[in-house]
Amino acid sequence: MRNILILAHTILLGLFLSVGVNSQTIKNPGVLVHAADDEATTLDPAQVEAGEGGETVILQVYDRLLEFGPSGPELIPGLATTVPSVDNGMISDDGMTYTFEIRKGAVFHDGTDVTAEDVKFSWDRIVEMDLPEGQAGVISDIVAETQAVDDYTFQVTLLEPSASFLNSTVVSMAASIVSKDAVMANGGVVEGEPNEYMAQNAVGSGPYKLKAWNRGENILLDINENYWGNKAKLAARIEIGAEPDVRVLGLRAGNYDTIETDPSFVADIEGADGVTLHTGGLLLEPIHVGFNLNIPEGALPKEDTIPTDFFHDPRIRQAFNYAFDYEAFLYGPLAGFGEFNPHYLPIGIFGHDPDAPRYGAQDKAKAEELFRAAGYWDNGFSVSVITEEANLFADAALVLKDSIEDLNPNFRINVLAVAEAVFDEAHAQNPVEYAMWVKNADPFADPHPYMSAYQHPDGEWGEVHGFANGYRNPEKIAELIDGASTELDVEKRAAMYSELQKMLFDDPMWLITAQEGVTMAYREWVTGFVHNPLWPRPSLRFSYLDK
Amino acid sequence: MQIRDYIIRRLMILPFLIIGTSIIVFALTRIGGSPIGIYLSHEMSPAEVQEMKERFHLDKPVPIQYFYWIKGVAQGDLGWSGVASAPVIDVFPKKFAATMELAIAAGIVAVSLGIAMGTFAGARRNKFADHVIRIISVSGASMPLFWFSILLLIVFWVWLGWFPIGRSDPNLFEAIAHPTGFYTIDALLAGNWDAFKDAVWHLIMPAVALGYGATAIIARMMRSSLIEELQEDYIDAAKAKGLPKNVVLKKHARRNALVPTVTVIGLTFGFLLQGTVVAEIIFRWPGLGRWMAAAVLRGDQATIMTYVMFTSILFLIVNLIVDVVYANLDRRVELGD
């Protein structure tokens, strides 16, 4: 099947350049047709995974207390009428209590009023359900108590002061506000069990109402005429799962208004009649090679010759970072759309320090020096890297293979490109039975989740991957990450992340291949186009668009 | 053996064949590893993975998993499709109907055109029309489906804009009830002429693409069978009796030529079902084939099991039907001996 699709791709690319359509004739008037990549898994905020296709719909049909505005990280009111701050008195002086005034007149799609009780119910619900695939931790890790003070006042008490509460918890798709009446009438809340009704329906208060979800075909969204804010101008239809070639053809033919694409299709779209290519901005999901410092004895593939403590030596991890051909990856698979950013905080995220030391240019001499110092240069090694097949991750793994093997013929990298499901299962083992993997990180709007989830020695992944076995000073790294999460002074906080980046440069646990650029394409007749990487992919709020 | 007795006997054997097939298929899918991966993301922790395994009983030994699966099937629960993000039992009827609608439409194209072209060519052996039909047939049989589909797509969807892809105009589709799942039939039942036109309009490209290859096979078979029949003595006898040429061709030669052709048509149904995978992907037809392809690529074993069992049962039934039709066409055929 894959060969057929590759051949079909080739044929299409050869033929579609001659496609010509009347770019002035607006097709599908009154409806925004967006061609998406994946099927959503669920529409329930309590069940959706970060970065998953369901978040695309949740963004449109649900409201949150606050939202990211159209032009960046600034917060704008959602169902809360005001963005809390210490100055306006809605954050207590000790930073522990947040008060939200709930918008009067907002109604759910089922006609019931949005009240503080619905907000409390929505937040408590996700914590009570605590689904393994969901994001309960977004709330439970930070919130001690929620309270509906009155019908239109909602108050949150935190476990400890948090610098990231507003722009990581409150704006999260998981913190979307659902209709309590609708949930209770359709299965209620059961600990550890998904709510099948909410997974397949949506009763929010957002600018769109879910009209239909035809699996594998489309998701239809109607304009919510009772929306409290600016009403959407177009109904929306999300076309699901069209092959990338078909999406490009459909866009050129004017049958699709916006499409999700990747850098490999940019050359086919650039210059097309009536099509605008948006390439500004960067995705917030660093593609990286992960190092395993917790390899169980006897678990590695039989081709691997490295000892289980191979990556405990920071010189080995540094050597890999110096050896990688960053240019080959950025100008090859990414077609130049991205940035060298071997930092642990993506560009665009608070705390990213552009002056911090970084890898980002191949330095073979330095890599050789480090491999020699670590004692592997003469005898070499063989090590496997597991990744998903046929995507950018596999490409990054191949660039790694070329880079390392080109350095020394005694070095061998075995790329195990497997189906997504196989990779997910392999990566979810504890301990992981592979020495390296390639994937991307989840996107976040605040630096704390990047650091706590991925780099903290006792964090969600740091513990599984044994980072405490390799950090030169794990206590200091933990102290900085924990401290930055509760530091409310912006400058001090930024300095802490800057220091963390310096430490992680010396003591890298990842090899960050690049920060992928945004590549979106849309018809010229689409107006009001705004794209914010902080919104779930495809990072569009349909209600802003018109044609 | 009487046809009725033969059918009853085959139907009695059917459940045992299905259970046996299900055990083999279940075991084979588990050889490929645990199906848990489809329900995971690469950000799930080991503890979360364990919870997911418990939810789907995948923490149990394989025989127990089979017990849960077969128990679920008995209760109408075919598992959860990770690809479709819905219970398989909810999605399957819709996908099945979509694929059957496409396969039947393609079959209508293939059978009607194939028999007509084969008859036309056979009656004009080695004449110009025969050569033209041969070229059409050979190109149909040799042209890869994905290639022909892409050509149709580019010409009729992108360039000319005459035919859409997908299965329906969503607004028309949502405007009617879907008691059968067959959009054409449901549109007629609803008395919605616009929806019916929409259904047919969406069917044309994938049905022609899919049916073209089968048309060629049927036409070639029909032609050669007809040529053989036209050389038989009974044809000379019929002509000698003074029967019109048209009657000899249609009433005598074509009827007998249909016997081997019907066998080919039966086999062609399998060809059409296989072809739906490619046609559905290229034309974005929301059917079983596209669903299955995604399921295989992503290891969605609940969907794979359902599809394989479905096709197995379908082939058992189609084979039975072909046997019966064959016997009706040629009374000399003995059943079950």
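Line by line, the protein sequences are chains A and B.
Quick note on the working numbering: the first sequence kicks off at 250 and runs consecutively.
Quick note on the working numbering: the second sequence kicks off at 144 and runs consecutively.
Even glycine gets a Cβ: it sits at the ideal position worked out from N, Cα and C.
In this text the structure is predicted, and so the values were computed from the model without any measurement.
According to DSSP, simplified to helix, strand and coil, what is residue i?
i, result
"A:F403", "strand"
"A:I253", "A caution first: A:I253 carries a pLDDT of 49, below 50, which makes its placement in the model unreliable, though a value can still be read off. Helix."
"B:S188", "coil"
"A:N271", "Confidence at A:N271 is low in this model, with a pLDDT of 48, below 50, so its placement is unreliable and no value can be given for it."
"A:A521", "coil"
"B:D337", "helix"
"B:Q193", "helix"
"A:G587", "strand"
"A:V392", "strand"
"A:D795", "strand"
"A:L281", "strand"
"A:F693", "coil"
"A:Y771", "strand"
"A:M758", "coil"
"B:L331", "helix"
"A:P326", "strand"
"B:Y469", "helix"
Can you give the Cα-Cα distance for residue i and residue j, rounded to whole angstroms?
i, j, result
"A:G587", "B:S292", "35 Å"
"A:T418", "A:V427", "16 Å"
"A:L641", "B:A330", "44 Å"
"B:A445", "B:G222", "6 Å"
"A:L649", "A:E618", "18 Å"
"A:F672", "A:I307", "27 Å"
"B:A170", "A:A670", "19 Å"
"A:G354", "B:P178", "47 Å"
"A:V667", "A:P512", "22 Å"
"B:S280", "B:I360", "7 Å"
"A:F349", "B:I166", "57 Å"
"B:Q417", "B:G432", "8 Å"
Cβ of residue i within 7 Å of Cβ of residue j?
i, j, result
"A:Y771", "A:T525", "yes"
"B:L369", "B:A352", "no"
"A:N543", "A:H714", "yes"
"A:G766", "A:L594", "no"
"A:E382", "A:E298", "yes"
"B:G324", "B:K237", "yes"
"A:E366", "A:A329", "no"
"A:L498", "A:I508", "no"
"A:N657", "A:S633", "no"
"A:V356", "A:N450", "no"
"B:A357", "B:T411", "yes"
"B:G442", "B:G180", "yes"
"A:K796", "A:W774", "yes"
"A:N646", "A:V687", "For the record, residue 646 of chain A in the displayed sequence is Ala; it is not Asn. Cβ atoms of A:A646 and A:V687: closer than 7 Å."
"B:V402", "B:L472", "yes"
"B:A227", "A:R496", "no"
What first and last residue would you give for the beta strand (DSSP E) that runs through residue i?
i, result
"A:D359", "It is not in any beta strand (DSSP E) - A:D359 carries neither H nor E in the DSSP assignment."
"A:E350", "T346 to E350"
"A:E316", "L315 to F317"
"A:A484", "A484 to E488"
"B:L296", "Careful: B:L296 lies outside any beta strand (DSSP E) and carries neither H nor E."
"A:N663", "F660 to V667"
Would you kindly report the start and end of the unbroken alpha helix (DSSP H) that includes residue i?
i, result
"A:H561", "First-last for A:H561: undefined, no H or E at that position."
"B:R152", "I146 to I174"
"A:T525", "Not the alpha helix (DSSP H): A:T525 falls in the beta strand (DSSP E), residues V524 to H527."
"A:T364", "Element bounds for A:T364: n/a, residue is neither H nor E."
"A:H537", "Where A:H537 is concerned, there is no enclosing alpha helix (DSSP H), although the beta strand (DSSP E) it sits in stretches over I536 to F540."
"A:W798", "Residue 798 of chain A lies beyond the stretch modelled for chain A, which goes from 250 to 796, so this question has no answer here."
Would you say residue i touches the ligand GTP, meaning its beta carbon is less than 6 Å from a heavy atom?
i, result
"A:D562", "Annotation note on the ligand GTP: not contained in the displayed structure, which lists no ligands."
> What residues in the segment 658-678 of chain A bring their beta carbon closer than 9 Å to a beta carbon of chain B?
Replying inline: The segment 658-678 of chain A vs chain B, Cβ under 9 Å: A668, E669, A670, V671, F672, D673, E674, A675, H676, A677 and Q678.
> Can you list, in chain order, the residues of the segment 680-693 of chain A whose Cβ is nearer than 8 Å to any Cβ on chain B?
Replying inline: Residues of the segment 680-693 of chain A with a Cβ closer than 8 Å to any Cβ of chain B, in chain order: K688 and D691.
>> So if I threshold CB-CB distances at 8 Å, which residues from the segment 744-764 of chain A count as touching chain B?
In response: Going along the segment 744-764 of chain A in chain order, one finds no residue with a Cβ nearer than 8 Å to chain B.
> For the segment 187-217 of chain B, which residues have a CB atom closer than 7 Å to at least one CB atom of chain A, in sequence order?
Replying inline: Using a CB distance below 7 Å, the part of the segment 187-217 of chain B facing chain A consists of M187, S188, P189, E191, V192, E194 and M195, ordered along the chain.
> Going along the segment 549-582 of chain A in order, which residues come within less than 7 Å of chain B, judged by CB to CB distance?
Replying inline: Those residues of the segment 549-582 of chain A that come within reach of chain B (Cβ to Cβ, closer than 7 Å) do not exist; the list is empty.
>> Counting only Cβ-Cβ distances shorter than 8 Å, please list the residues of the segment 482-493 of chain A near chain B, keeping chain order.
In response: Going along the segment 482-493 of chain A in chain order, one finds R486, E488, G490, A491 and E492 with a Cβ nearer than 8 Å to chain B.
> Taking Cβ-Cβ distances below 8 Å as the criterion, which residues of the segment 467-482 of chain A are in contact with chain B?
Replying inline: Of all residues in the segment 467-482 of chain A, N467 and L469 have a Cβ within less than 8 Å of some Cβ in chain B.
> In chain order, what residues of the segment 342-370 of chain B put their CB closer than 7 Å to some CB of chain A?
Replying inline: Near chain A, meaning a CB-to-CB distance below 7 Å, no residue of the segment 342-370 of chain B qualifies.
> Taking a cut of 9 Å between CB atoms, which residues from the segment 496-524 of chain A lie near chain B?
Replying inline: For the segment 496-524 of chain A, residues whose beta-carbon sits nearer than 9 Å to a beta-carbon of chain B comprise L498, G499, R501, A502, G503 and N504.
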